[in-house]
Amino acid sequence: MITELDDLRPDTPWRETIWAHTSEETLTDHDSHARLCVATLLPFKNQQPDWGSFENSIRWMIASADHYGIEIVFVLNADTGYIFNLSLELYREVIERFRASFPNQRIICGTTAVGAEGSAFRAEWYHPHLDILQSFSNVEAMIMTSQQLNSLAPEARRDAYFEIAEHITVPAIVHALDPSFVPWATPFEPWLLKELAGHKKFTGGKISTLDEPHFLYWAAMCRDQALDFSPHSGDDYGIASAIKTGLPLLIGAGVSACPLICAAKKLWKTESFDTRVVKLFEAFQSLEDSVFRLNHKGSAAAYKHSTAVVLHLLGLIESSEIHPDCTDMRDGDEYERMKEALIRPLQIAERLEIPEFTLAAV
Numbered sequence: 060m061i062t063e064l065d066d067l068r069p070d071t072p073w074r075e076t077i078w079a080h081t082s083e084e085t086l087t088d089h090d091s092h093a094r095l096c097v098a099t100l101l102p103f104k105n106q107q108p109d110w111g112s113f114e115n116s117i118r119w120m121i122a123s124a125d126h127y128g129i130e131i132v133f134v135l136n137a138d139t140g141y142i143f144n145l146s147l148e149l150y151r152e153v154i155e156r157f158r159a160s161f162p163n164q165r166i167i168c169g170t171t172a173v174g175a176e177g178s179a180f181r182a183e184w185y186h187p188h189l190d191i192l193q194s195f196s197n198v199e200a201m202i203m204t205s206q207q208l209n210s211l212a213p214e215a216r217r218d219a220y221f222e223i224a225e226h227i228t229v230p231a232i233v234h235a236l237d238p239s240f241v242p243w244a245t246p247f248e249p250w251l252l253k254e255l256a257g258h259k260k261f262t263g264g265k266i267s268t269l270d271e272p273h274f275l276y277w278a279a280m281c282r283d284q285a286l287d288f289s290p291h292s293g294d295d296y297g298i299a300s301a302i303k304t305g306l307p308l309l310i311g312a313g314v315s316a317c318p319l320i321c322a323a324k325k326l327w328k329t330e331s332f333d334t335r336v337v338k339l340f341e342a343f344q345s346l347e348d349s350v351f352r353l354n355h356k357g358s359a360a361a362y363k364h365s366t367a368v369v370l371h372l373l374g375l376i377e378s379s380e381i382h383p384d385c386t387d388m389r390d391g392d393e394y395e396r397m398k399e400a401l402i403r404p405l406q407i408a409e410r411l412e413i414p415e416f417t418l419a420a421v
């Protein structure tokens with residue numbers, strides 16, 4: 060069983076490391092002030108961005124974070140913000156409009172390979188997004204994967220990330236995900252994580268996996284080896300794990316369940332611990348299990364549609380439309396499905412007196 064970073068090889072699987080066998084209980088932290096990074100939804104109405112609803116939903120989340128004393132960061136132009144459907148003009152406009160309304164709020168902006176084609180990887184595909192976001196202040200970059208980047212062998216993949224980093228002038232986090240979100244995606248194995256964690260420009264990473272607890276692998280390795288690298292959980296099926304381990308969340312679920320997650324982070328802390336937090340964990344996880352449910356192809360990508368329906372039911376946005384070029388739509392009556400999914404969270408929110416989480420008359 061591998062216990063030291065120097066013993067890792069590019070092809071070492073997690074199961075051969077001690078970090079894949081570390082229990083969540085040994086990672087528990089009741090005193091962390093880790094941030095909640097919300098992968099912000101870009102609402103649409105009549106096939107155009109609904110900027111009023113965009114601002115309204117953000118103010119709702121800020122109010123929740125302020126009420127519970129939680130640090131909140133907004134993630135713009137990532138998957139929940141339809142990065143793969145955005146023109147460069149709209150990519151910039153999202154940031155401009157956000158910054159005009161919320162001048163002091165910290166943001167993380169997604170970046171991906173603009174105009175990528177063929178099978179060979181080119182780092183300059185990431186430059187257009189980086190150039191735009193780096194023209195703003197109080198911003199971080201999230202280096203999202205692309206098919207050409209993901210297809211590289213471990214050493215070449217490491218070198219590609221390092222080449223992208225040469226163009227980065229702000230703090231950056233890397234992003235790994237599994238096929239539940241994009242069919243060709245593969246999570247980082249331990250050697251690649253170790254290499255990226257050692258780069259001075261990468262301050263952390265987001266791991267989005269729904270089928271295996273890679274977030275706990277990352278957490279165990281980074282803590283055991285005292286790495287200067289912050290794992291951010293992107294696991295919308297395991298939200299409580301990040302809260303229990305005191306590490307940051309970077310999730311689309313942070314939109315539809317923001318008040319509940321902020322309350323849980325507060326109730327988990329030593330100075331305000333309340334055993335009812337375990338029921339709150341169950342309640343918001345039951346909601347997000349429905350929001351992020353897999354379709355017949357094993358994909359959770361239509362969570363964006365479900366998220367829009369929840370926000371509409373809560374009276375926060377005017378329409379549940381998604382980007383007109385996005386094909387990630389739910390079948391059937393999503394309003395009835397989400398109304399049922401909200402029953403338990405609404406009950407718990409009322410019992411715990413969590414503000415701003417009630418159904419609207421829609």
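The sequence shown maps to residues 60 to 421 in this note's numbering. Virtual Cβ for every residue (Gly too), placed ideally from N, Cα, C. Predicted model only: the values in this text are computed from it and were never measured.
The C-beta separation of residue 147 from residue 191 comes to about 7 angstroms, placing the pair in contact by the 8 angstroms criterion. Secondary structure note for residue 199: its beta strand (DSSP E) is the uninterrupted segment 198-202. Short of 6 angstroms from the beta carbon of residue 286, and not among the five residues preceding or following it, lie these beta carbons of its own chain, in chain order: 256. Of the residues assessed, residue 230 falls on the exposed side of the cut-off, its CB having fewer than 16 other CB atoms within 10 angstroms. Look at the segment 358-383 and you find these whole runs of alpha helix (DSSP H), each 4 residues long or longer: 362-372.
Here DSSP, grouped into helix, strand and coil, assigns residue 290 to strand.
When secondary structure is reduced to three states using DSSP, residue 210 falls in the coil class, being assigned neither helix nor strand. By the Cβ rule, the segment 405-417 does not count as touching the segment 132-148, because fewer than three pairs are nearer than 8 angstroms. Fully contained in the segment 80-124 are the following beta strand (DSSP E) runs of length 3 or more, in chain order: 95-98.
Only buried fits residue 239, as 16 or more other CB atoms lie within 10 angstroms of its CB. Taking residue 149 as the centre and dropping the five residues before and after it, the same chain places the C-beta of 108 closer than 8 angstroms to its C-beta, in chain order. Here DSSP, grouped into helix, strand and coil, assigns residue 137 to coil. Burial check for residue 291: the Cβ neighbour count within 10 Å reaches 16 or more, so the residue is buried. The secondary-structure analysis by DSSP pairs residue 264 across a beta bridge with 233 and 290. A direct Cα-to-Cα measurement between residue 356 and residue 284 gives close to 38 angstroms. Straight-line spacing of the CA atoms in residue 141 and residue 72 works out to 32 angstroms. With respect to residue 200, residue 170 sits close: the two C-beta atoms are nearer than 9 angstroms.
In this structure, the CA atom of residue 392 is about 11 angstroms from the CA atom of residue 365. For residue 337, the number of other beta carbons within 10 angstroms of its own is below 16, and it is reported as exposed. In this structure, DSSP gives residue 413 a state outside helix and strand, which the three-state scheme calls coil.
Apart from sequence neighbours up to five positions away, the residues of its chain that approach residue 221 with a beta-carbon distance below 8 angstroms are 258, ordered along the chain. The DSSP-derived three-state label of residue 132 is strand. With respect to the 9 angstroms criterion, residue 361 and residue 388 are classified as neighbours on the basis of their beta carbons. According to the DSSP assignment, residue 191 belongs to the alpha helix (DSSP H) that extends over 186-192. Around the Cβ of residue 106, a 10 Å sphere holds fewer than 16 other Cβ atoms; the residue is exposed. Counting of Cβ neighbours within 10 angstroms places residue 330 among the exposed residues, the total staying below 16. Taking a contact as a CB-CB distance under 8 angstroms, the pair residue 407 and residue 339 counts as one, their CB atoms being some 6 angstroms apart. The distance from the Cβ of residue 379 to that of residue 371 is about 5 angstroms, consistent with a contact at the 8 angstroms cut-off.
Linking residue 208 to residue 277 through their CA atoms gives a straight-line distance of about 21 angstroms.
Of 87, 223, 419 and 216, the smallest CA-CA separation from residue 188 is found for 223. Ranking 196, 216 and 161 by CA distance to the CA of residue 205 puts 216 first. Annotation: residue 128 to residue 166 spans about 18 angstroms, alpha carbon to alpha carbon. Residue range 166-170 is occupied by the beta strand (DSSP E) that includes residue 168. Going by DSSP, residue 346 is part of the alpha helix (DSSP H) stretching over 336-350. Boundaries of the alpha helix (DSSP H) around residue 255: 249-256.
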